[in-house]
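The opening residue of the sequence shown carries number 146 in my numbering; numbering runs sequentially from there.
Ideal placement from N, C-alpha and C gives every residue a C-beta, glycine not left out.
Note that the structure is a prediction, hence the values are computed from the model and not measured.
Here is the structure we will look at, set down as structure tokens.
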Amino acid sequence: MIGKIRAIFSKKQKIKFILLFFILFVGSLLEFMGVSLILPFVQLVMDPEAAGNDRLAALGRSGSELLFLMGILLMAVYILKNIYLLGMKYVQLRFIFNNRLELSARLMKSYMKKPYPFHLEKNSSEILRSVTTDVNNLYDLLMDVIDLISHLLMIGMLGLFLACKDPLLTLATAMLLGFCSFLYFQVMRKRTQAYGRQNQLYNSRMIQAVSQALGGIKEIKILAREDYFVRAYVENGRRYASSLKKSRIFQLMPGYLIETVCVCGVLGIVLYRLHGGTQAQELIP
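So, in structure tokens, the structure goes:
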């Protein structure tokens with residue numbers, strides 16, 4: 146898939162994608178900062194004076210003053226983070242929709258420059274599907290890939306942070322996540338490809354039914370064959386909806402899989418260590 150996307154993108158689009166990756170990296174860094182500041186703030190809220198024994202006491206402030214400063218810092222980070230993430234989403238959507246239009250126009254131009262015999266042999270519904278639906282589906286998939294990259298960057302930063310605090314816990318979770326991800330993609334890869342081919346087939350048949358019905362509306366009215374084309378459209382539409390629903394579910398599953406494995410893996414290891422006699426205070430980063 147990556148090779149096909151690289152072939153579709155022009156040099157200018159590839160440069161823009163690299164810049165978008167950098168923007169995603171900064172967004173993930175801000176997300177990480179927001180998450181990492183919550184625990185120290187909660188610890189200060191629970192026991193403000195305990196900060197006097199902490200390295201934050203080097204600022205020469207009391208626990209209450211440190212709590213106030215930490216609260217202001219946390220608010221500033223979250224305001225900045227959300228403003229940046231909103232702008233990042235705008236840049237991401239602009240990249241997707243502008244390039245979607247550009248690719249669709251390139252395909253349209255390519256088909257229009259084909260010789261006349263090509264159009265006699267080629268089903269017009271397939272051309273229409275390629276220029277519209279296939280391009281839309283490609284960039285919908287690319288948007289999911291970009292979101293996945295953003296989540297993976299965030300997970301990577303949290304993983305590095307946790308590795309400094311508890312290498313064993315982080316390593317065990319990473320191995321569990323890697324195994325589950327490998328198993329998922331091995332099992333589901335062929336199935337998602339099959340659903341993709343079904344989507345193309347049924348969508349082409351829907352477009353063909355509409356095209357034939359509107360193109361021959363005079364003859365259809367004379368022969369009273371309206372119901373035939375309606376049934377053809379609805380039958381293929383139901384199959385298309387069913388196939389699209391399944392393929393979309395499989396596209397969304399990796400995100401839920403990553404979250405479930407990470408949370409359950411960490412909690413499982415924590416419970417195991419607590420059962421083995423480890424003190425709860427030792428497990429807090």
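Beta-carbon proximity check, residue i vs residue j, cutoff 8 Å
i	j	result
M233	G179	no
F177	G216	no
L174	F240	no
L238	V280	no
N381	Y347	yes
S349	E271	yes
A224	L314	The sequence shown places Ile at residue 224, not Ala. Contact flag unset, no.
Helix, strand or coil at residue i according to DSSP, with G and I counted as helix
i	result
K259	coil
K267	coil
G179	helix
D279	helix
A369	coil
G197	Here G197 scores only 49 on pLDDT, less than 50, and its place in the model should not be relied on; the value that follows carries that caveat. In the structure shown, G197 sits in a helix (DSSP, three-state: H, G or I).
D289	helix
F186	helix
F374	helix
S388	helix
F162	helix
F170	helix
Closer than 7 Å: residue i CB and nearest the ligand ADP heavy atom
i	result
K234	The ligand ADP is not part of the structure shown, which contains no ligands of any sort.
Contact belief for residue i with residue j at Cβ below 8 Å, rounded distance in angstroms
i	j	result
T318	C407	6 Å
Q345	R274	7 Å
L169	S295	5 Å
I403	L322	7 Å
S249	T278	About 10 Å; that fails the 8 Å criterion.
F162	F154	7 Å
is_contact[residue i, chain D] using C-beta, thresh 8 Å
i	result
S387	Going by chain labels, chain D is absent from the structure shown, which holds only one protein chain.
query = When the Cβ atoms of the region 295 to 313 are set against those of the region 333 to 342, are three or more pairs found closer than 8 Å?
reply = no
inquiry  = Pairs of beta-carbons, one from the region 394 to 403 and one from the region 320 to 330, closer than 8 Å: are there three or more?
reply    = yes
query = Are the region 374 to 392 and the region 351 to 362 touching, with three or more C-beta to C-beta distances below 8 Å?
reply = yes
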